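Chains A and B, in that order, are what the protein sequence lines are.
Counting from 219, one number per residue, gives the positions in the first sequence under my numbering.
Counting from 105, one number per residue, gives the positions in the second sequence under my numbering.
Input: a single structure, listed below in structure tokens.
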Amino acid sequence: MLRVKAMLRFKDVNLTKTLPFVLILVILVFVPPFLPDYFLSIFRDVLMWMALSISWHFFSGSTKYISLGSAAFFGIGLYFTAKYMELSMTYGYYPVLPLPVIVLLAGLVNFALALVVGLVTLRLRGIYFAILTFSVSMVVMNAVQWWEIKVTGTRGTFFPVFDTLTGYYAIFVCTIVTLLLTTLVRRSKFGLALKMIGESEEAAVHVGVNASLYKTLGFAISAMLMGFMGGCFATRVNGYVNTDIAFNSLYSFMPAVMTLLGGAGTVYGPVIGSITMSLLSAYLSVTLTHYFLIILGLILVVIVMLMPDGIMGMVEKIKTTKLFGSKKAT
Amino acid sequence: MLGAYVTAVVFTFYRVNPIVSLVISGPIVFVLGILIQIAVFRRLVYVSRSAEELESRSLLACFGLMFIIQNVVGLIFGGTPVGASYLFVSIDILGERFLLNMIVAAVISIILSLVMYLLLRFTKIGLAMRATVEEPAGAQLVGINIFRIHAVSFGLGALLAALAGSMLIMIYFMTPYVGPQYTFIALAVIILGGMGSFMGSLLGGFIIGYVYYVSLTIDPLITYAVVYLFIIILLIIRPKGLFGR
């Protein structure tokens, strides 16, 4: 009792700042069971893109090493989970594990793979790194496809279907984990090191930051988080997945696009960007089915031209110029 | 950067002989490229503070443009594959059998590469382009209008991509959505050869093509894995490409 009181009296907790977050959290936890499936699926997709963008931003946003290989890690997570479930359900080769454990395993597989990729690709910067990571995702996709067709003799994987609510909660938990982990790391020495590498790698090395170690580790953690999300995504694909679904290059590009839209280098950038983008596409795809991608493209171009620093950049600008007084951001 | 999907726009013109239509599709896309550059990228260049910023913003803008162009074309022509099969006959050269349209496309590509090389090396506008790439500020000092050069080079890039698309359509069927796959191969070729190196791109193109077809004869399923693995290995060995500085 005393402890709770002490926590409430804790000076640093700014009630006006934390209250909205708590509210949002409460809504996200308790409202979904009462929502119709369609809205639930929109919630779920927004959360999924958010988690992907955050994990992309965690590495690429702070170090400015633009990675276009997210699809590889996302797909491995998804495929690993799907394949494991298929094998354990149909053939009984493997013990039947609960979903969270499989997802955890998928994340660890990704972590290991990303460590190897990171170690190998450390020397490359800029567009070279982008091409290399994209190549990795293509190699993984085609190798998995080859293995599937040649060795198992099937195209795609079937596994049990989950209902929307389970899927929602899986993705929700995964998003929260991603958010917490990236925020914690961002505030630690590790996060600062990553940021410094992004600003000037030479200077970082000069002050004694072990750039290679932090870059590899950062890349691996980001990949692991994507793998978690990929694993949770298995609840969404209605029990069937093939390489074209799992390794779609959309998963490589969209996190980057969403983060840049929201504003790279800011805390809320990827969050705002992914919410905007996925809600927009969800809305437009229903109301203007045939013109939806055209309008999405137009909006992207206009946003780039009018708000080159992303949405958060615009908000910062408005705040500093005091155009609208001290209007609240977020 | 807009790459091969611009070619989808010129599908309609393929009631004409495809080789003649190169003369039609090229200029149209050239003008389109210049217009896009002036409308979108000029502003981006103007407001960006560093090359990195410009890169990420261009990526976003290109994504938007890709969505727009692909889907406008898709809206007009539909998603069904379109083709303009032409010269689809086989000929014998040195005892090997080739498709005539592939040979024609190869010859035209070689001629185009030569023209581009000469243009970049020996004309005034080519000199201006190279100067703009190497030292934008210095180029402006000696009186080069770098914004005009940006527009022209963007247009030329679009033109070449359009010509490549026009030739591909003689051989393969295409939908408005085939672009990204060619774009990435093209980008990989440039990176492989080393950025800013003309011979590098040429050689890179040959190498990628060779690896592609050799792996195709071994196992059609494994081609893309092999090609991209090859790119990865080469990049690890030579991080700046074959001829990179």
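Note that CB positions come from ideal geometry on N, CA and C, so glycine has one too.
These numbers come from a predicted model, not from an experiment.
Can you round the beta-carbon distance between residue i and residue j to whole angstroms, since I take them to be within the 8 Å contact cut?
i               : j               : result
F145 of chain B : F258 of chain B : 7 Å
P250 of chain A : F261 of chain A : 6 Å
G481 of chain A : M530 of chain A : 3 Å
G297 of chain B : F347 of chain B : 6 Å
T461 of chain A : V362 of chain A : 5 Å
A464 of chain A : G287 of chain A : Actually they are not in contact, since the Cβ atoms of A464 of chain A and G287 of chain A sit about 14 Å apart, beyond 8 Å.
V403 of chain A : I415 of chain A : Incorrect: roughly 14 Å between the Cβ atoms, too far for contact.
T299 of chain A : I284 of chain A : Going by Cβ atoms, the distance from T299 of chain A to I284 of chain A rounds to 27 Å, so no, they are not a contact pair.
L339 of chain B : L350 of chain A : 5 Å
A438 of chain A : A332 of chain A : 4 Å
F329 of chain A : M447 of chain A : Their Cβ separation, rounded to whole angstroms, is 14 Å, which puts F329 of chain A and M447 of chain A out of contact at 8 Å.
T372 of chain A : L258 of chain A : T372 of chain A to L258 of chain A, Cβ: 31 Å. No contact.
M266 of chain A : I345 of chain A : In fact, because the Cβ distance is near 28 Å, the residues do not count as touching under 8 Å.
For residue i, which of helix, strand or coil comes out of DSSP?
i               : result
V193 of chain B : coil
T308 of chain A : helix
G371 of chain A : coil
V240 of chain A : helix
Y221 of chain B : helix
T236 of chain B : helix
S177 of chain A : The requested residue 177 of chain A does not occur in the structure, where chain A is confined to residues 219 to 548.
F277 of chain A : helix
M523 of chain A : helix
K228 of chain B : helix
N175 of chain B : helix
S285 of chain A : coil
M266 of chain A : helix
S162 of chain B : helix
T484 of chain A : coil
P284 of chain B : helix
P313 of chain A : coil
S259 of chain A : helix
S270 of chain B : helix
N360 of chain A : helix
L106 of chain B : Confidence is the limiting factor: at L106 of chain B the pLDDT is only 41, short of 50, which leaves the residue's position unreliable, though a coordinate-based value still follows. Three-state result, L106 of chain B: coil.
V211 of chain B : helix
I248 of chain B : coil
H424 of chain A : helix
K235 of chain A : helix
Y332 of chain B : helix
K545 of chain A : Unreliable positioning characterises K545 of chain A in this predicted model, as indicated by a pLDDT of 48, which lies under 50. A coordinate reading is not provided.
P131 of chain B : helix
Y346 of chain A : helix
L346 of chain B : coil
Y386 of chain A : helix
I337 of chain B : helix
H508 of chain A : coil
M170 of chain B : helix
M299 of chain B : coil
Looking at the secondary structure, which residues open and close the beta strand (DSSP E) in which residue i lies?
i               : result
F292 of chain A : Here F292 of chain A belongs to no beta strand (DSSP E); instead the alpha helix (DSSP H) covers 288-304.
E200 of chain B : 200-203
Just to confirm the assignment, what range does the alpha helix (DSSP H) spanning residue i have?
i               : result
S496 of chain A : 487-505
P473 of chain A : 468-480
V319 of chain A : 317-339
M447 of chain A : 429-451
F408 of chain A : 407-417
F310 of chain B : 302-322
T538 of chain A : 528-539
L325 of chain B : Where L325 of chain B is concerned, there is no enclosing alpha helix (DSSP H), given that its DSSP letter is neither H nor E.
L253 of chain A : No alpha helix (DSSP H) contains L253 of chain A, which DSSP labels as neither H nor E.
R147 of chain B : 146-151
According to DSSP, which residues form a beta bridge with residue i?
i               : result
T393 of chain A : None, per the DSSP bridge assignment.
Y458 of chain A : A:F376
Does any residue of chain C bring its CB to less than 9 Å from the CB of residue i?
i               : result
A474 of chain A : Among the protein chains of the structure shown, namely A and B, there is no chain C.
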